[in-house]
Each structure stands twice: as structure tokens, then as C-alpha cells.
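If you count the sequence shown from 1, position 200 lands on 199 in numbering that gives the first Met the number 0, and the numbers rise without skipping.
In this text, a Cβ means the ideal position worked out from N, Cα and C, and glycines have one as well.
Read through the structure below, which is laid out as C-alpha cells, and then see the notes.
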Amino acid sequence: MSASLDIRLKRANKVYHEGEVLAGVVAIVSKEAVQHQGITLTMEGIVNLQLSSKSVGVFEAFYNSVKPIQLITSNIEVVKQGKVPGGKTEIPFEFPLHTKGNKVLYETYHGVFVNIQYTLRCDMKRSLLAKDLSKTCEFMVHCLPQKAKLQPTPVEFTITPETLQNVRERSLLPKFLIRGHLDATNCVITQPLTGELVVESSDVAIKSIELQLVRVETCGCAEGYARDATEIQNIQIAEGDVCHSLPIPIYMVFPRLFTCPTLETINFKIEFEVNVVIVLHDEHLITENFPLKLCRA
């Protein structure tokens, strides 16, 4: 005799805000009646911090600061011990998204060293001879939009051999001149990053022009911090030796889950940057970096 357990939320996109009510049904499907020892629902919001391999062993104090941070936890008994009839049974539930004390519900974020996740788990306890049933469902939390109006801050840039940093033999670099602008570095997370780039001149043929979105995650405490930058996505905006003096549009959508509003707390920070990367045919790599501030409006 097999029975299946499922959690269905009322909202198809599974996105909620602090103060709202998480509502849905626990669905049980079975050919015959199922005897159980009780059905419970557990809601949990946790920040998991992880150290990169280069940081492990550097700071002993990190091992205390990277313990999971509990944002919200709640448990309810959906059905007391008894029997569920055969067929399909749907049991409605409601969970208010309220934190205790001064805790804040950070936005859902899936990173490399920082992970903010909210889950709903349903457990059906059964007798010794029958296997317990369990089902986990993730839901998303978005922070409330900022009330203050966001002022876009356009950034103009010019890239030449003289403007580059971390160059050993500047005299060996080919001559080039690249201009452009980003429409804003204070970005609304639901709107694309836009701008323009123009190759004015280049002695060496261009192979590719790319936009690289980078997450910068910082974990730690007063004793020290581990700061790691990793790539989220890389989008090619031009291929081959592009026409000179021709404007090339910059357009990049911020991916869901892998980005969140810029966040700074006592134990961790989540920041974002974008790199404009120009690859020349002689394999020279030219990179211009722009810090971004993401928010929800």
C-alpha cells in the first residue's frame, strides 16, 4: 500500500513578504485508508554560511561565526493521530510570516558561500512497519520595496592602456580606445542593467565583448573576514572585430534567486559587481569593473 504526500501553496510563484500569510494545502493520495501517528508542518528560514577553502584554518574564530543563522521557525500539528481515508485528501493550512524579536526576514538568495533559504516541511509519522512520509517545499521571500525614490546614477567610462590597473608591461599593450556608459549603478533588481559601449579604435582585432555579473560574498566576525568573488553569469554582447564607432547596447537581466538586494549584516555581506570584458585576438584580456547597488522598488 503506497501513499504520497505533497505541499501545494496557493501562490503559483511562491513569493511572499514579511507579515503575509503562507497558505496552501497538504495533499495526501492513497488507494486505501492510511493509519498515521500525526501530520505536522514545519516552516524554517535559515542563513547558511560557508567558508571557501582558502579561508578554512586562517581564522579559528570563523568556526563560531559560520553557524547557521535562524531567521524564522514555526511548527503546527495539521492532523492528530488517526486515519486518512483512501483517495485524495486535501488539508488546508495557514502560516503567518512573523519574526520574533528584532530578527529580519532577508530576501531568498542562493549563493556560493551565503545561502538564504525558506522551506516548508510536512511529516506524516506512521507505525513501525510503515515508512514515515516527508515532503519539503521551498518558498521565496522578497523584501518590501523601498519607499524612497531611487535616483539613477549614470557612469561614463573610457578604457585605454593608460587607465588599466594591474598591468606589468604597459609598453607591450596594443593601443585601443573604448568609451561607454552604464545608465545606472543603483539598480532596481526587477529591471535590466542597460548602457552602451563604443570601440573608437583598436590596433588589434577584437575577439569578443562580454558582460560578467559577479557576486561578492563576505563572511566573518570581528576577528576577520573572508571575502570571495564568484561569477553568476557571463553574457556576450559582441562577437568578432566589431565596427569602430558603432554603439553596442549593454543589456543584462538580473537572474532570480542568484541575486538579491545588496545586503550588509554583522555576520555577512552580499554585494554585486559587473565587469565589462574585452577579449583581443592576441588573447589580451581587458576588464573594467563597476560596483552595483541592487534594491527592490
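Using 8 Å for Cβ pairs, my map puts Leu181 next to Phe271. What's the rounded Cβ distance?
Your numbering for residue 181 matches position 182 in the sequence shown. Your numbering for residue 271 matches position 272 in the sequence shown. Contact doesn't hold; Cβ gap of about 13 Å is too wide.
Thinking C-alpha only, which one of Ile236, Ser1, Thr264 is nearest Met251?
For the purposes of this step, residue 251 is taken as the residue at position 252 of the sequence shown. With distances taken between Cα atoms, Met251 lies closest to Ile236.
Taking the alpha carbon of Glu230 as the point to measure from, which residue in Val241, Glu216, Cys242 has its own alpha carbon closest?
Here residue 230 corresponds to residue number 231 of the sequence shown, with the count starting at 1. Closest by alpha carbon: Glu216.
Nearest-angstrom Cα distance between Val77 and Ile68?
Within the sequence shown, numbered from 1, the residue matching residue 77 stands at position 78. Within the sequence shown, numbered from 1, the residue matching residue 68 stands at position 69. The alpha-carbon separation between Val77 and Ile68 amounts to approximately 27 Å.
Helix, strand or coil for Arg120, going by three-state DSSP, please let me know.
Taking the sequence shown and counting its residues from 1, the one referred to as residue 120 is at position 121. Strand, per DSSP.
In DSSP terms, what Lys82 is bridged to
Within the sequence shown, residue 82 is the residue found at index 83, counting from 1. Bridge partners of Lys82: Gln34.
Close beta carbons around Lys9, own chain, < 7 Å, minus the five adjacent residues each side
As a first step, residue 9 must be located in the sequence shown, where it is residue number 10. Counting only Cβ-Cβ distances below 7 Å, and skipping sequence neighbours, we find Ala22, Gly23.
DSSP-derived helix/strand/coil call for Ser170:
One-based indexing of the sequence shown puts residue 170 at position 171. Looking at Ser170 - three-state DSSP - the assignment turns out to be helix.
Please report the distance separating the alpha-carbon of Cys259 from that of Thr135.
In the sequence shown, residue 259 corresponds to position 260, counting from 1. In the sequence shown, residue 135 corresponds to position 136, counting from 1. So the two alpha carbons sit approximately 23 Å from each other.
Between the CA atoms of Phe175 and Ser201 - distance to the nearest angstrom
For this step, residue 201 is matched to residue 202 along the sequence shown. For this step, residue 175 is matched to residue 176 along the sequence shown. Near 4 Å, if we compare the C-alpha coordinates of Phe175 and Ser201.
Which of helix, strand or coil does DSSP assign to Asp281?
As a working mapping, residue 281 is identified with position 282 in the sequence shown. Here Asp281 sits in coil by DSSP.
As an exercise, report each continuous beta strand (DSSP E) stretch of at least 3 residues that is fully enclosed by the stretch 156-215, in chain order.
175-181, 185-187, 192-201
Can you tell me the Cα-Cα spacing of Ile90 and Val28, whole angstroms?
Reading the sequence shown from its first residue, position 91 is the one you call residue 90. Reading the sequence shown from its first residue, position 29 is the one you call residue 28. Distance between the alpha carbons of Ile90 and Val28 is about 12 Å.
Residue from Asn165, Ala225, Thr261 with nearest C-alpha to Lys292
Here residue 292 corresponds to residue number 293 of the sequence shown, with the count starting at 1. Cα-wise, what sits closest to Lys292 is Thr261.
Integer Cβ distance of Leu279 from Ile188, believed to fall under 8 Å:
Start at 1 with the first residue of the sequence shown, and residue 279 comes out as number 280. Start at 1 with the first residue of the sequence shown, and residue 188 comes out as number 189. Not quite, the Cβ-Cβ distance comes to about 33 Å (not below 8 Å), so this is no contact.
Just how far apart, CA to CA, sit Ala228 and Asp122?
Residue mapping note: residue 228 aligns to position 229 of the sequence shown, counting from 1. Residue mapping note: residue 122 aligns to position 123 of the sequence shown, counting from 1. Ala228 and Asp122: Cα-Cα distance of roughly 38 Å.
Quick one: grab the DSSP three-state call for Lys268.
Taking the sequence shown and counting its residues from 1, the one referred to as residue 268 is at position 269. It is a strand residue.
If you drop the 5 nearest sequence neighbours on each side, which residues of the same chain put their C-beta closer than 6 Å to that of Val276?
Locating residue 276 in the sequence shown gives position 277, where the first residue counts as 1. Excluding the 5 residues flanking it on each side, Val276 has same chain C-beta neighbours closer than 6 Å at Glu209, Gln211, Thr286, in chain order.
Spatial neighbours of Pro246 in its chain, beta-carbon cut-off 6 Å, leaving aside the 5 residues before and after
Taking the first residue of the sequence shown as 1, we reach residue 246 at position 247. Taken in chain order, the residues that qualify are Glu195, Val197.
Residue closest to His109, alpha-carbon to alpha-carbon, out of Pro254, Thr98, Val103:
Locating residue 109 in the sequence shown gives position 110, counting from the first residue. That would be Pro254, whose Cα lies nearest to the Cα of His109.
Determine the extent of the beta strand (DSSP E) in which Ala296 is found, giving its start and end residues.
By one-based count along the sequence shown, residue 296 stands at place 297. Run containing Ala296: none; DSSP gives neither H nor E here.
Ignore the nearest five residues each way along the sequence and tell me which others in Phe257's own chain have a CB closer than 8 Å to its CB.
Locating residue 257 in the sequence shown gives position 258, counting from the first residue. For Phe257, where only same-chain residues beyond five positions count, the Cβ hits under 8 Å are Tyr108, His109, Gly110, Arg214, Ile231, Gln232.
Helix, strand or coil, according to DSSP, for Lys87 in the structure here?
Start at 1 with the first residue of the sequence shown, and residue 87 comes out as number 88. Looking at Lys87 - three-state DSSP - the assignment turns out to be strand.
Three-state secondary structure assigned by DSSP to Gly219:
Translated into the one-based positions of the sequence shown, residue 219 becomes position 220. Residue state, collapsed to three classes: strand.
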